[in-house]
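Sequential numbering from 538 applies to the sequence shown in our numbering.
Where is the CB? At the ideal position from N, CA and C, for every residue including glycine.
Computed from a predicted structure; not experimentally measured.
Input: a single structure, listed below in structure tokens.
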Amino acid sequence: MAKAVKKETPLMQQYNSIKVKYPGTLLLFRVGDFYETFGEDAVKAAGILGIVLTKRGNGSESETALAGFPHHSLETYLPKLVRAGQRVAICDQLEDPKTTKTIVKRGVTELVTPGVSYNDNIVQQKSNNYLASVFFDKQQVGIAFLDISTGEFLVSQGMPDYIDKLLQGFKPTEVIMGKRQYKTFVEQYGAHFYTYALDEWPYTGNYA
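Here you go:
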């Protein structure tokens, strides 16, 4: 017997179409006066923030986990999510609901990660907040450090041991690299850094 296809409301269709563009990211989805999270994101958010986990469409085919908070509490809850190691995409309403008879247009207006934030409640004011990017060549390793709160940008390359000293010295809050080099990074420098693996194209000769 064929498995029934899960029906989605227009709101959830819109949510899923945005969510799929930000893999590995917790999506805060503005609905009226609240930022809502759904599914696995809701379970994570409820656990980290200590907010109520409930269900949307309880008992229906479109039932999914739900957790949210008032939009004016974003400055309170966003730092907690990021400090817990979450990449957070903030999806806002891009038009006034009163001016449309269809579903409100929404889009991601900000992507916040441990290494990329202008929020004073997230950035440690007494120390740098470096985002590092690493690329492994045949023998040497290239690395770049960026602190977007100060504009400081540093690049270097060298043997793996030298790069290890730089990582230990600069203590980046986030390290990014190509997906194919993630395993190499962990084997070389351990798993204690907050890391995120990107698609390979930024690290090709045309872009690197």
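Could you check where the alpha helix (DSSP H) with residue i kicks off and where it finishes?
i, result
"proline 616", "611-620"
"threonine 721", "719-726"
Is there at least one Cβ from chain C nearer than 8 angstroms to residue i's Cβ?
i, result
"valine 557", "Absent here is chain C; the protein component of the structure consists of one chain."
Does residue i come out as helix, strand or coil in the three-state DSSP assignment?
i, result
"lysine 635", "helix"
"valine 686", "Here the sequence assigns serine to residue 686, which means valine is not the residue at that position. Correct three-state label for serine 686: coil."
"proline 739", "helix"
"glutamine 551", "helix"
"isoleucine 515", "With the chain covering 538 to 745 only, the question about residue 515 has no answer from this structure."
"valine 557", "coil"
"aspartate 578", "helix"
"isoleucine 640", "coil"
"tyrosine 731", "coil"
"glutamine 694", "strand"
Just curious, the beta strand (DSSP E) that residue i is in, first and last residue?
i, result
"phenylalanine 707", "Premise fails: phenylalanine 707 lies in the alpha helix (DSSP H), 697-707, not in any beta strand (DSSP E)."
"valine 712", "711-715"
"leucine 590", "Counting along the chain, leucine 590 falls outside any beta strand (DSSP E), and DSSP gives it neither H nor E."
"valine 481", "Outside the shown range of the chain, which is 538 to 745, sits residue 481, and nothing can be said about it."
"threonine 601", "601-607"
"valine 671", "668-673"
Do residue j and residue i count as a contact pair if the criterion is CB distance below 8 angstroms?
i, j, result
"glutamate 577", "phenylalanine 566", "no"
"alanine 582", "threonine 591", "no"
"alanine 669", "tyrosine 559", "no"
"valine 649", "leucine 683", "no"
"proline 697", "valine 678", "yes"
Less than 7 angstroms between the CB of residue i and some heavy atom of the ligand SAM, yes or no?
i, result
"threonine 591", "With respect to small molecules bound, the structure shown includes none, and the ligand SAM cannot be examined in it."
Name the residue from the options whose alpha carbon lies nearest to the alpha carbon of residue i.
i, options, result
"threonine 687", "Pro547, His608, Ser654, Tyr726", "Ser654"
"valine 619", "Tyr731, Trp738, Asp736", "Tyr731"
"threonine 562", "Tyr740, Tyr733, Pro739", "Tyr733"
Under 8 angstroms by Cβ, that's how I've got residue i and residue j pegged, so tell me the actual separation to the nearest angstrom.
i, j, result
"valine 671", "phenylalanine 606", "Actually they do not touch by this definition, with Cβ atoms about 35 angstroms apart."
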